[in-house]
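Have a look at the structure below, then the notes.
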Amino acid sequence: QDEEKWDFVLVSNIHEVGSEKEIKRKKFLDELSKKGFTIKKIEDKKLFYGVRAPKQIFRKYQWLLRNPDSRLQNSDVHRDVPVTTRIRIVNFILQNTMTPDLEKLPDLMKKKVFEATFPLHEKEEVREFLKEKWARWRDIFCQQPIEKIRCYFGEKVALYFAWLGWYTYLLGIAAVAGLVVFVAGITVFNSSQVSKEICEASNTIMCPLCDQKCPFWLLSDTCTYAKVTHMIDNEGTVLFAMFMAIWATVFLELWKRQRATVVTNWDLYKWDEEEEELAMELINNLQHEPRQYQHSYFRSTIILLLVLVMIAVLIGIAHALVIYRVIATALFTQSNSEFLREQANTMAVMTGAVLHYITIVIMTKVNRHVALYLCDLEKPRTFSQRENNFTVKIFTFQFFTNFSSLIYIAFFLGRINGHPGNYVRIAGKWRLEECHPSGCITDLFIQMAIIMLLKQTISNVMEYLVPWVAHKLRKQQRPRKRSMMLGEEEEAEDPCKRQWLSNYQLNEVNTFSLFDEFLEMVIQYSFTTIFVAAFPLAPLLAFCNNLFEIRLDAIKMMRLRRRMVPRKANDIGIWLQVLEAIGILAVIGNGLVIAITSDFIPMQVYKYMYSPCMTENSTGVDCSTGYINHSLSVFRTQDFEPYTKVPEMLPDFVRDEIKEYRDYRNADDYSYTVQFWHIFAARLAFLILFEHVALCIKLIAAWYVPDVPQSVKNQFLDRKHSNLRKELRWVMPQKVL
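Right under this line is the structure:
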């Protein structure tokens, strides 16, 4: 029965006898035969070649990489290698077998000599267990069988699921905290003094929001918007941002412990990837010489410049989105529908967010091609080095694609647009957007909510539907005619044929299949930590998404895709450094959101310097009373720019009445007031303080939670000790003699 187990299947179209492709295919299969491979051919609409490696290949592997601890008693050489290791070795040999024309399998695949290569989903009990107990929607809250995943898909996939499970588990805590902050915001919804003042300001007239058709408006018109803003922008948000910075650190520290425990159980803690790769090369070809390490400053400089050009393009796209929003606002304000005129700003932000999502989808594909091209320029030494380089580049590109528009809304919107009578304009025509009188944080909230919801709903539905539909379509194409004609010879069908065909009909996997899942989760992790101060519900959305994501990935791997080539690993690789970088960006990002985007600092400055509590020593009043009036500046209507069409007045007001806008400027020459500089200094002081405190807490947390559990250290200690005692036993008797 074991003889019928095939390690790999190669699929090829049926080429004409004597054609170039047929000759190339024969040469390749001959090379495999020389190495002792058994090859079985089955013909259907395509040609299927099953390959099985000879036993001595695995013996060599076991001998070369036997555990250094067991070098003395050579016990584990006679045991069979696990299926995952078998597939990995055979895949390596297939990929690196050279034909006399100096072509390897990837070259032959490009030339369409072979169409597909894949290991088989076997009918083993591990697979049945995983299908029943793991790749099902009903197991959404169950523990994952990491050990079984490792036995079937190899260590790298098992570590991905272990990491994803751990991340989701800890997201639960962050989600609860975020929900508490959000609910607390809703309970103070109506009681905030600031929104009360906005709602009562029925005689404060504000400057028009556009040049042509916009009227003067009353501050009290924006009552609801102000309440929503104070629901997000309150003291709780500051604490939550602090909490998330600590959470990100503790999560990574606890993950390092978790990983150390898991990997020690697998006996891979001190596994060396380089040694493994060299051993495989030698098994494949004894004459192999390793590629030396090289570094070229010239090449690195070129790549750095190209990366910077790409980043500039991505920032340019963010600028285009800004210009879209400015023009959309101008067009909406001139529309005939009253609803569009009144909600022009919100509509522009929402359509802008949808457009931003579309650019993310498109640029993700472009970024991948650019990152691959840059990796080819770098000529990395090994596959894992290439993967690391690719990871860093694509993450950088994706980060700018996803976040440049958010960075603009958070830190630039409404701060660079001038003031009435002297607006900053695009192409001298369109005014840049302004912030709402109650702050910009709601715009950031809307943008984040729309992007996260779209990413999680549309992207996940597509991620599941596309492979599912593709699988169903491939099944439909299954040729049934021949078996009908062979009615009387039904029993003559090869048992392998059905299995190989059903595996061939599954969707193909490539080296990036797992990489894509990781990238998606790491970008999501950025969303949940970097601007979390503006969107406390982000961890909750991510938590709900991940519960489905785990099962979705499991179903895709078990039921819809061919088997992945297992890969050995003892950690999640360079992703850990990426996650640590995001943790630091999260501290900076949240510090900036609270210092610059939120109204938290101007409110505190007002309370402790200008409020009635300070000036009149009156204790009975709320200290933020009068804040709104304090944050508005006055403007004389005769100072409007010549091409601003001054709107019709509200009937009760005199023509040269003074109007108001949100800024700290003097009434006579529109220069900044002392309060502006006070607030500016307070913002900087807060930013420096927040970041240093948060980074110190991160360092303390990292020190407090050891990376490696003591039990793991003790295990290694005992092992070293017993090995040294064994060595001594060899020496002692000789001395006695």
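Using full-length UniProt numbering, you'd call the opening residue of the sequence shown number 1 and step up by one each time.
Note that the Cβ used here is the ideal one computed from N, Cα and C, for glycine as well.
Only a predicted model underlies this, so the values are computations on that prediction, with no experimental measurement involved.
Rounded to whole angstroms, the separation of the alpha carbons of Leu-308 and Ile-584 is 21 Å. CA-CA distance, Ile-149 to Arg-381, rounds to 30 Å. Looking at the DSSP output, Trp-430 bridges to Ile-426.
Using a C-beta cut-off of 8 Å, the stretch 464–478 makes no contact with the stretch 441–451, since fewer than three inter-stretch Cβ pairs fall below that distance. Judged by pairs of C-beta atoms under 8 Å, the stretch 265–275 does not touch the stretch 356–371, as fewer than three such pairs exist. In the three-state reduction of the DSSP assignment, Ile-416 falls in the coil class, being assigned neither a helical nor a strand state.
Shown here, His-436 sits in a strand according to DSSP, grouped into three states.
For Ala-312, the secondary structure class from DSSP, reduced to helix, strand or coil, is helix. In this structure the stretch 203–213 does not lie against the stretch 123–140, because fewer than three pairs of beta carbons, one per stretch, are closer than 8 Å. DSSP, reduced to helix, strand and coil, places Met-206 within a strand of the structure shown. When DSSP states are grouped into helix, strand and coil, Gly-50 belongs to the strand group.
Counting of Cβ neighbours within 10 angstroms places Asp-663 among the buried residues, the total reaching 16 or more. In the three-state reduction of the DSSP assignment, Phe-118 falls in the strand class. Ranking Asp-668, Asp-707, Glu-517 and Leu-501 by CA distance to the CA of Tyr-49 puts Leu-501 first. Remark: C-beta atoms of Leu-252 and Leu-576 approach each other more closely than 9 Å. For secondary structure counted as the alpha helix (DSSP H) over 4 or more consecutive residues, the stretch 557–603 holds these complete runs in sequence order: 575–592. Here Phe-114 has Leu-10, Ser-12 and Leu-108 as same chain residues with Cβ atoms under 6 Å from its own Cβ, once five neighbours each way along the sequence are excluded.
In this structure Ala-533 touches Val-593 by the C-beta definition: roughly 4 Å separates them, less than 8 Å.
Inclusion of Leu-219 and Met-231 in the CB contact set at 9 Å is not warranted, their separation being larger than that value. When the five nearest sequence neighbours on each side are left out, the beta carbons in the same chain lying within less than 7 Å of the beta carbon of Trp-430 are those of Val-326, Ile-327 and Ala-330, in order along the chain. Phe-216: not part of any alpha helix (DSSP H); DSSP gives it neither H nor E. With a 10 Å radius around the Cβ and a threshold of 16 neighbouring Cβ atoms, Val-349 comes out buried.
Looking at the backbone, the Cα of Glu-289 and that of Met-280 are separated by about 12 Å.
Taking the Cα of Asn-422 as reference, the smallest distance to any Cα among Glu-641, Ile-39 and Phe-243 is reached at Glu-641.
9 Å or more divides the Cβ of Arg-567 from the Cβ of Glu-274.
Within a 10 Å sphere around the beta-carbon of Trp-163 sit 16 or more other beta-carbons, which makes this residue buried.
With distances taken between CA atoms, Arg-291 lies nearest to Phe-383 out of Phe-527, Tyr-670, Val-250 and Phe-383.
When C-alpha distances from Glu-387 are compared across Ile-574, Val-90 and Thr-84, the shortest belongs to Ile-574. Nearest to Ile-198 by alpha-carbon distance, out of Tyr-357, Pro-437 and Trp-677, is Pro-437.
Rounded to the nearest whole angstrom, the CA to CA distance from Glu-660 to Ser-191 is 25 Å. By alpha-carbon distance to Pro-612, the top candidate from Glu-463, Val-674 and Val-621 is Val-621. Around the beta carbon of Cys-142, fewer than 16 other beta carbons lie within 10 angstroms, which makes this residue exposed.
For Ala-226, the number of other beta carbons within 10 angstroms of its own is at least 16, and it is reported as buried. Put simply, of Thr-401, Thr-391 and Lys-556 the residue whose alpha carbon is nearest the alpha carbon of Val-466 is Lys-556. In the three-state reduction of the DSSP assignment, Val-466 falls in the helix class. Boundaries for Ile-530: no beta strand (DSSP E) harbours it, and the DSSP string shows neither H nor E there.
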